[in-house]
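All remarks here apply to the structure that follows.
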Amino acid sequence: MESMSRISNIESKANFSGDEESEISIKEAVGLRRNFAIISHPDAGKTTLTEKLLLYGGAIQQAGAVKARGEQRKVTSDWMELEQQRGISITSTVLQFEYCSNKINLLDTPGHQDFSEDTYRTLAAADNAVMLEDAAKGLEPQTRKLFEVCRMRNIPIFTFINKMDRPGQEPLALLDEIEAELGLKTWAVNWPIGSGDLFRGVIDRRTKDVVLFTRAERGKQATEEILKLNDSKLQNLVEPELLNKALEELELLDLAGEKMNLDNIKNGELTPVFFGSAMTNFGVRPFLEAFLEMAQRPIGRSTKEGIIDPLSNDFSGFVFKLQANMDPRHRDRVAFIRVCSGRFQKDMTVRHARTGKSIRLSRPQKIFGQDRAVVDDAYPGDIIGLNNPGMFAIGDTLYTGSRVEYEGIPCFSPEIFSWLRNPNPSAFKNFRKGVNELREEGAVQILYDTDQSKRDPILAAVGQLQLEVVQHRLESEYGVSTRLDPLGYQVARWVDGGWASLEKVGRIFNCKIVQDAWSRPVLLFKNDWNLNQLLEDHQSLSLSAVAPVVSGVEPITL
Ligand code: G4P
0 MESMSRISNI ESKANFSGDE ESEISIKEAV GLRRNFAIIS HPDAGKTTLT EKLLLYGGAI
60 QQAGAVKARG EQRKVTSDWM ELEQQRGISI TSTVLQFEYC SNKINLLDTP GHQDFSEDTY
120 RTLAAADNAV MLEDAAKGLE PQTRKLFEVC RMRNIPIFTF INKMDRPGQE PLALLDEIEA
180 ELGLKTWAVN WPIGSGDLFR GVIDRRTKDV VLFTRAERGK QATEEILKLN DSKLQNLVEP
240 ELLNKALEEL ELLDLAGEKM NLDNIKNGEL TPVFFGSAMT NFGVRPFLEA FLEMAQRPIG
300 RSTKEGIIDP LSNDFSGFVF KLQANMDPRH RDRVAFIRVC SGRFQKDMTV RHARTGKSIR
360 LSRPQKIFGQ DRAVVDDAYP GDIIGLNNPG MFAIGDTLYT GSRVEYEGIP CFSPEIFSWL
420 RNPNPSAFKN FRKGVNELRE EGAVQILYDT DQSKRDPILA AVGQLQLEVV QHRLESEYGV
480 STRLDPLGYQ VARWVDGGWA SLEKVGRIFN CKIVQDAWSR PVLLFKNDWN LNQLLEDHQS
540 LSLSAVAPVV SGVEPITL
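Heads up: the sequence shown begins at 0 in numbering that gives the first Met the number 0, then just goes up one per residue.
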């Protein structure tokens, strides 16, 4: 920690120019890498925190470039037409920056109402998550949902409680909420002195130093004044009653709270909690440094053949996201690959596990918003973009050496369902092409009525914006205007054991039975109450919110 603070003044640089690490072993490269995604609810301050982190990494010159607001909304990650029209960021990009020689990959998940399956899938490529909370609001719905995905993989979660410069909830109550509602133990790394107008700073729990809060000019890095607890100057700077309250609370935590335990952090049972204020830049640097110290290095991933060691000499990776038309001038498609083992090198020939084909990867890219740079090397934990002429699907594995196939990425439970109508029969060919390609790309899930006469696909999404994006893209990329007819369902469940299990329970009520693209039964419910009723009535029935991963089976198309 100490040494990091000392070198933090050395200018760190963005690793975006395509500049590559000179000869470095895979072990060294993995040792230097950390990768994470931020999970939060809209408005908690994700964009602001991202900007500040990038600023420390020197990846952007001035905070504000990630999401310039209002008139100046220019972009680092907003590039699609719809994004620009609506002023939102739909696509998640990967932002790589360096700090104290470490290479940090921030997997940027879409933030706002633009919540979609992309957000979930990006988490499948992350090794750590940062859970960002607004101190006044505590846990919010989107954060809870995203947390569940992190929980499925037991990845370490670092909590940043933001907006301490504004009146917020009691810090102890915020920790209690995380523990009680998420079942996640907490360990406060620092503890706030006051809040809102009376926010005076934090006490670093490990060094017992007081880090004083000074409101920085917007967009600038704050100066952090650090005093020892027994420094006499403190009395003039912090009201004694505020300091005493913070110290009492810390004592309580020391006595009754969880103990710091790195193993428990690494297996996702204990979350280190930091209090700060991203906007005023308070607590961001200490957070980044503690994160680098405690976060998990790129980890081995499960395949049918067992867990693959990231240090293996053979390259392997999987596709976690596909994006079409990143550059509207070229109508290109990009597959994002998470490197899992070995060294990736430009022009290398790899095997595509699903088809068995050999592919030469000649134009790998790093993508940062609209900018791209060709990458020569990449290591476990890195993300690369590959041109995808329709060859890659979500979850596909690429490898060299002996065959491996990573466990695919599950389909997450959709909550919004709508018939997709094509009012113009002469456009059916394009409609079909568009629907099939957008499904392949993972833009939306497609369900089908079991009644063959109802041929229209049902779009199933986790966020309303996903539906709008599909409609917009069908129109702009395939030339088809479509209509959405919402179905009044909100909950989807896959049936364990498939059609056979469903037949055993006989007739069921208050739900609609449809099938997914792999012909598996999916039950749609109007609400949780109907779901619970069914489960009560048919205790032998077992349902899942997340679809089991499919491999080796081709999906049905429209
Ligand atoms: P998001 O990406 O999670 O949706 O949140 P974003 O960073 O856009 O922040 C949402 C709002 O919260 C912004 O205000 C932002 O300035 C503010 N904010 C973020 N961090 C802090 C903080 O530490 N303290 C305080 N007081 N505010 C914070 P806005 O009014 O929506 O935008 P703007 O007018 O500031 O541009």
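Here a beta-carbon is modelled for each residue, glycine too, at the ideal position from N, C-alpha and C.
Keeping to the same chain, check which residues put their C-beta closer than 7 Å to that of residue i; ignore five residues upstream and five downstream.
| i | result |
| --- | --- |
| Glu257 | Lys184, Thr185, Trp186, Leu269 |
| Asp455 | Trp418, Leu419, Arg420 |
| Thr302 | Val403, Glu404, Tyr405, Glu406 |
| Pro191 | Met163, Pro170, Phe198, Val201, Ala245, Phe274 |
| Arg85 | Since pLDDT at Arg85 reaches only 49, below the 50 mark, its modelled position is unreliable, and the value read off the structure follows with that caveat. So no residue of the chain qualifies. |
For residue i, which residues from the same chain have a beta carbon less than 8 Å from its beta carbon, with the 5 sequence-adjacent residues on both sides left out?
| i | result |
| --- | --- |
| Leu534 | Leu540, Leu542 |
| Leu581 | In the structure as shown, the chain starts at 0 and stops at 557, and residue 581 therefore has no counterpart that could be examined. |
| Gln444 | Glu116, Cys410, Pro413, Arg438, Leu458, Ala459, Ala460, Asp515, Ala516 |
| Val504 | His537, Ser539, Leu540 |
| Gly137 | Gln168, Ala172, Leu173, Glu176 |
Is residue i near the ligand G4P - that is, is its Cβ less than 7 Å away from at least one heavy atom of it?
| i | result |
| --- | --- |
| Arg165 | yes |
| Gly195 | no |
| Gly44 | yes |
| Thr449 | no |
| Asn127 | no |
| Asn529 | no |
| Asn161 | yes |
| Pro41 | yes |
| Thr47 | yes |
Does at least one heavy atom of the ligand NAP sit under 7 Å from the Cβ of residue i?
| i | result |
| --- | --- |
| Met278 | As presented, the structure is devoid of the ligand NAP, carrying the ligand G4P as its sole ligands. |
Where do the ends of the beta strand (DSSP E) carrying residue i lie?
| i | result |
| --- | --- |
| Arg454 | Element bounds for Arg454: n/a, residue is neither H nor E. |
| Gly384 | 382-386 |
| Cys339 | 332-340 |
| Tyr398 | 396-398 |
| Leu211 | 208-211 |
Sort the options by Cα distance to residue i and report the nearest one.
| i | options | result |
| --- | --- | --- |
| Lys345 | Ala179, Ala459, Lys503, Val374 | Val374 |
| Ile555 | Val479, Arg353, Val434 | Val434 |
| Asp133 | Asp450, Gly355, Ser276 | Ser276 |
| Arg120 | Arg519, Lys503, Ile393, Asp495 | Ile393 |
| Pro520 | Trp190, Ala491, Phe159 | Ala491 |
| Trp498 | Pro413, Ile408, Val513, Asp203 | Val513 |
| Val148 | Phe159, Asp126, Gln168 | Asp126 |
| Glu264 | Phe157, Asn189, Glu553 | The amino acid occupying residue 264 in the given sequence is Ile; Glu does not appear at that position. Checked all of Phe157, Asn189, Glu553; the closest Cα to Ile264 is Phe157. |
| Met130 | Gly267, Lys525, Asn235, Gly193 | Gly267 |
| Glu304 | Arg353, Ser401, Trp528, Pro424 | Ser401 |
| Ala289 | Thr206, Arg359, Gln322, Gln364 | Thr206 |
| His40 | Leu242, Pro271, Glu476, Lys144 | Lys144 |
| Arg249 | Met278, Asn189, Pro140 | In the sequence on display, residue 249 carries Leu and not Arg. Measuring from the Cα of Leu249, the nearest candidate turns out to be Asn189. |
| Ile408 | Ser518, Ser24, Arg152 | Arg152 |
| Trp493 | Asp527, Lys232, Pro547 | Pro547 |
With a CB to CB cut of under 6 Å and the five nearest residues on each side skipped, what residues in its chain are close to residue i?
| i | result |
| --- | --- |
| Pro309 | Val29, Pro297, Gly299, Ser340, Pro379 |
| Thr399 | Asp313, Phe314, Val349 |
| Phe430 | Asn421, Val479 |
| Ile59 | Caution applies to Ile59, whose pLDDT of 49 falls short of 50 and renders its modelled position unreliable; the value that the coordinates give is listed next. For Ile59, where only same-chain residues beyond five positions count, the Cβ hits under 6 Å are Leu53. |
| Glu224 | Leu211 |
| Phe146 | Leu181 |
| Ile103 | Arg33, Phe96 |
| Gln295 | Asp126, Asn127, Pro155, Lys265 |
| Ile259 | Looking at the sequence shown, residue 259 is not Ile but Met. Answer for Met259: Trp186, listed in chain order. |
Are residue i and residue j touching if we call contact CB-CB under 8 Å?
| i | j | result |
| --- | --- | --- |
| Gln470 | Ile415 | no |
| Thr213 | Ser315 | no |
| Ala128 | Ile154 | yes |
| Asn45 | Ile37 | Checking the displayed sequence, the identity of residue 45 turns out to be Lys instead of Asn. In this structure, Ile37 lies closer than 8 Å to Lys45 by Cβ. |
| Phe343 | Lys320 | no |
| Phe411 | Val545 | yes |
| Leu261 | Met293 | yes |
| Gln465 | Glu116 | yes |
| Ala105 | Phe198 | What sits at residue 105 in the sequence shown is Leu, not Ala. Result no, Cβ atoms of Leu105 and Phe198 do not sit closer than 8 Å. |
| Arg32 | Leu291 | no |
| Met163 | Phe286 | no |
| Asp203 | Leu226 | no |
| Val333 | Asn387 | yes |
| Leu174 | Val272 | yes |
| Arg165 | Gly193 | no |
At which residues does the alpha helix (DSSP H) containing residue i begin and terminate?
| i | result |
| --- | --- |
| Leu473 | 463-477 |
| Asn565 | Lying before the first or after the last residue shown, residue 565 is absent from the chain, which here runs from 0 to 557. |
| Ile177 | 170-181 |
| Ala28 | 25-31 |
| Arg152 | 140-152 |
| Asp253 | 239-255 |
| Val434 | 427-440 |
Any beta-carbon of chain C closer than 8 Å to the one on residue i?
| i | result |
| --- | --- |
| Ser100 | Given the protein chain composition of this structure (a single chain), no chain C is represented. |
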